[in-house]
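K.L.:
Below is a structure I'd like to ask you about.
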Amino acid sequence: MTMEKILWQHIQLVRQQSPLVHNVTNYVVMNNTANALLAAGASPIMAHAKSEIKEMVNIAHSVVINIGTLDEYWSESMIMAAEIADSVNKPWVLDPVGAGATTFRDQVLHQLLQYRPTVIRGNASEIIALAKANDTVTKGVDSTAGSSDAMDAAQILVQQYNTIVCISGETDIILSPGKCFHLKNGHPLMTKVTGLGCSASALTGAFIGCSEDKVQGVAAAMALLGIAGELAFLESKGPGSLQVSLIDKLYNITEEEFTQHLKIEQK
């Protein structure tokens with residue numbers, strides 16, 4: 006079976022199973038990521054109250070932890086969610102937004118990593134900072150490095166935590182202990198819409214929540230968002246209309262559109 010067919014099957018699986026994705030995420034992107042999940046066929050829930058974290062993690066198919074708007078309360082909720090997800094073998098995604106920017110972020114990330122995320126998804130600067138591979142400093146939540154620059158750092162994380170690392174950028178690189186995919190979908194205008202990286206992490210959570218092959222699931226999620234972005238650009242006048250068109254395309258993308266536009270290599 007071709008890779009196009011395999012990844013499309015993962016997209017169909019999300020639509021059929023509608024996995025419940027528990028997001029402990031930042032309040033800048035809650036609406037965006039919830040809409041992206043719904044459009045792709047998943048069921049989002051945004052909950053960070055410590056009194057309900059355990060129950061939420063247990064009923065969800067997967068957990069997404071995004072440290073974008075970090076504070077002391079939310080960090081405790083995130084650590085609790087990660088610990089419970091690890092203890093009940095629930096797949097979870099870590100989005101290390103702004104890793105390396107402050108001591109507080111790095112301390113929280115250090116604690117979260119102890120609970121073995123299934124997937125770590127971030128831009129190159131965040132992945133480099135997370136692995137402490139060099140002295141690169143992040144520029145807020147934007148990347149000052151290309152995805153290929155973070156390969157060594159990603160390998161460190163893969164080996165140390167037995168995880169899948171997705172480095173987002175002009176080329177998305179997906180690394181696991183046994184596989185490596187290079188994905189070249191997307192459009193530069195997507196960088197002008199806040200939170201599309203966060204949407205990528207949320208969609209990744211949906212796909213690993215129902216896909217047995219987690220690496221393929223990550224590749225399918227990233228390919229879906231990238232291709233939807235390319236197609237949405239054709240109908241957009243700028244970043245505002247791109248965001249709306251992208252949500253529509255996540256909802257109505259066809260197999261023909263997906264297979265014709267997919268640009269993926271297995272290394």
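Reading the sequence shown from the start, the letters are residues 6 to 272 in my numbering. Just so you know, even glycine gets a beta-carbon here, dropped at the ideal spot from N, CA and C. In this text the structure is predicted, and so the values were computed from the model without any measurement.
Where DSSP assigns a beta bridge to arginine 126, which residues make up the other side?
P.N.:
Looking up residue 126 in the sequence shown gives position 121. Paired residue(s): Cys171.
K.L.:
Look at the alpha carbon of alanine 90 and the alpha carbon of valine 62, and state the distance between them as a whole number of angstroms.
P.N.:
Taking the first residue of the sequence shown as position 1, residue 90 is located at position 85. Taking the first residue of the sequence shown as position 1, residue 62 is located at position 57. Approximately 6 Å, taken between the alpha carbons.
K.L.:
Provide the residue span of the beta strand (DSSP E) that contains valine 33, from first to last.
P.N.:
Translated into positions along the sequence shown, residue 33 becomes position 28. Careful: valine 33 lies outside any beta strand (DSSP E) and carries neither H nor E.
K.L.:
So what does DSSP say about methionine 51, is it helix, strand or coil?
P.N.:
Position 46 of the sequence shown, counting from 1, holds the residue named residue 51. Looking at methionine 51 - three-state DSSP - the assignment turns out to be strand.
K.L.:
Alpha carbon to alpha carbon, how far is threonine 7 from methionine 85? Give it in angstroms, no decimals.
P.N.:
As a first step, residue 85 must be located in the sequence shown, where it is residue number 80. As a first step, residue 7 must be located in the sequence shown, where it is residue number 2. Roughly 40 Å between the two C-alpha positions.
K.L.:
Could you tell me how far apart the beta carbons of isoleucine 269 and alanine 224 are, in whole angstroms, since I believe they sit closer than 8 Å?
P.N.:
Residue numbering aside, residue 269 sits at position 264 when the sequence shown is read from its first letter. Residue numbering aside, residue 224 sits at position 219 when the sequence shown is read from its first letter. Yes, isoleucine 269 and alanine 224 are in contact; Cβ-Cβ is about 7 Å, under 8 Å.
K.L.:
With 16 other CB atoms within 10 Å as the buried threshold, where does asparagine 94 fall?
P.N.:
Residue 94 sits at position 89 when you count from the first residue of the sequence shown. Exposed, by the Cβ-count rule.
K.L.:
Among Ser181, Ile252 and Gly105, which residue has its Cα nearest to the Cα of valine 220?
P.N.:
Taking the sequence shown and counting its residues from 1, one reaches residue 220 at position 215. Minimum Cα distance to valine 220 is reached at Ser181.
K.L.:
Would you mind reading off the limits of the beta strand (DSSP E) that contains isoleucine 70?
P.N.:
Taking the sequence shown and counting its residues from 1, the one referred to as residue 70 is at position 65. Per DSSP, isoleucine 70 belongs to the beta strand (DSSP E) from 67-71.
K.L.:
Which of the three DSSP states is assigned to glutamate 9 in this structure?
P.N.:
Here residue 9 is taken as the residue at index 4 of the sequence shown, counted from 1. In the structure shown, glutamate 9 sits in a helix (DSSP, three-state: H, G or I).
K.L.:
Tell me which same chain residues have a C-beta within less than 7 Å of the C-beta of valine 19, skipping the five on either side of it?
P.N.:
As a working mapping, residue 19 is identified with position 14 in the sequence shown. Counting only Cβ-Cβ distances below 7 Å, and skipping sequence neighbours, we find Ala45, Gly46, Ala47, Ala211, Phe212 and Cys215.
K.L.:
Please go through the same chain and pick out, in chain order, the residues whose beta-carbon is closer than 8 Å to the beta-carbon of serine 82, but skip the five residues on each side of it.
P.N.:
Taking the sequence shown and counting its residues from 1, the one referred to as residue 82 is at position 77. Here serine 82 has Val29, His53, Ala54, Lys55 and Ile58 as same chain residues with Cβ atoms under 8 Å from its own Cβ, once five neighbours each way along the sequence are excluded.
K.L.:
State the Cα-Cα distance for the pair aspartate 157 and leucine 236, rounded to the nearest angstrom.
P.N.:
The sequence position of residue 157 within the sequence shown is 152, counting from 1. The sequence position of residue 236 within the sequence shown is 231, counting from 1. Computed Cα separation, rounded: 32 Å.
K.L.:
Could you check what DSSP says for histidine 266 in three-state terms: helix, strand or coil?
P.N.:
As a first step, residue 266 is located in the sequence shown; it is residue number 261 there, counting from the start. DSSP, reduced to helix, strand and coil, places histidine 266 within a helical segment of the structure shown.
K.L.:
How big is the Cα-Cα spacing for tyrosine 120 and valine 68?
P.N.:
Reading the sequence shown from its first residue, position 115 is the one you call residue 120. Reading the sequence shown from its first residue, position 63 is the one you call residue 68. Each residue's alpha carbon lies about 12 Å from the other.
K.L.:
Return the chain-ordered ranges of every beta strand (DSSP E) run that is complete within the segment 196-263 and spans a minimum of 3 residues.
P.N.:
none
K.L.:
On a CA-only basis, which of Gln112, Ile64 and Arg126 is nearest leucine 208? Give me that one, please.
P.N.:
Residue 208 sits at position 203 when you count from the first residue of the sequence shown. Minimum Cα distance to leucine 208 is reached at Arg126.
K.L.:
Considering Cα atoms alone, identify which of Gly222, Lys137, Ser130 and Gln165 is closest to serine 174.
P.N.:
One-based indexing of the sequence shown puts residue 174 at position 169. In the sequence on display, residue 174 carries glycine and not serine. Nearest option by C-alpha distance: Ser130.
K.L.:
Excluding sequence positions up to five away, which residues of its chain have a Cβ less than 7 Å from the Cβ of alanine 41?
P.N.:
The residue given as residue 41 occupies position 36 in the sequence shown. If we look at alanine 41 and ignore the five residues flanking it on each side, its Cβ neighbours are Ser204, Ala207, Leu208, Ile252 and Leu255.
K.L.:
Could you pull out every residue in the same chain whose Cβ sits closer than 7 Å to the Cβ of leucine 118, ignoring the five residues on either side in sequence?
P.N.:
Residue numbering aside, residue 118 sits at position 113 when the sequence shown is read from its first letter. So the qualifying residues of the chain are Tyr166.
K.L.:
In three-state DSSP terms, what is asparagine 190?
P.N.:
What you label residue 190 is simply residue 185 of the sequence shown in a count that begins at 1. Coil, per DSSP.
K.L.:
Between the Cα of alanine 226 and the Cα atoms of Ile64, Thr74, Val98 and Met35, which residue gives the shortest distance?
P.N.:
The residue labelled residue 226 in the question sits at position 221 within the sequence shown. Checked all of Ile64, Thr74, Val98 and Met35; the closest Cα to alanine 226 is Val98.
K.L.:
So, with DSSP's three-state summary, where would you put leucine 18?
P.N.:
Position 13 of the sequence shown, counted from the start, is the residue given in the question as residue 18. In the structure shown, leucine 18 sits in a helix (DSSP, three-state: H, G or I).
K.L.:
So the candidates are Ala136, Gly191, Phe186 and Asn190; which of them puts its Cα closest to the Cα of glutamine 164?
P.N.:
As a working mapping, residue 164 is identified with position 159 in the sequence shown. That would be Ala136, whose Cα lies nearest to the Cα of glutamine 164.
K.L.:
Report the option in Gln160, Ala155, Gly103 and Lys242 whose CA atom is closest to the CA atom of leucine 194.
P.N.:
If you number the sequence shown from 1, residue 194 lands on position 189. For leucine 194, the nearest C-alpha among the options comes from Lys242.
K.L.:
Does DSSP classify valine 98 as helix, strand or coil?
P.N.:
Counting from one through the sequence shown, the residue named residue 98 turns up at place 93. In this structure, valine 98 counts as strand in the three-state DSSP scheme.
K.L.:
By alpha-carbon positions, which one of Gly191, Val198, Gly222 and Thr199 ends up nearest to cysteine 185?
P.N.:
Indexing the sequence shown from 1 puts residue 185 at position 180. For cysteine 185, the nearest C-alpha among the options comes from Gly222.
K.L.:
Count the other CB atoms, across all protein chains shown, that sit within 10 Å of the CB of asparagine 257; report buried if there are 16 or more and exposed otherwise.
P.N.:
By one-based count along the sequence shown, residue 257 stands at place 252. Asparagine 257 comes out exposed.
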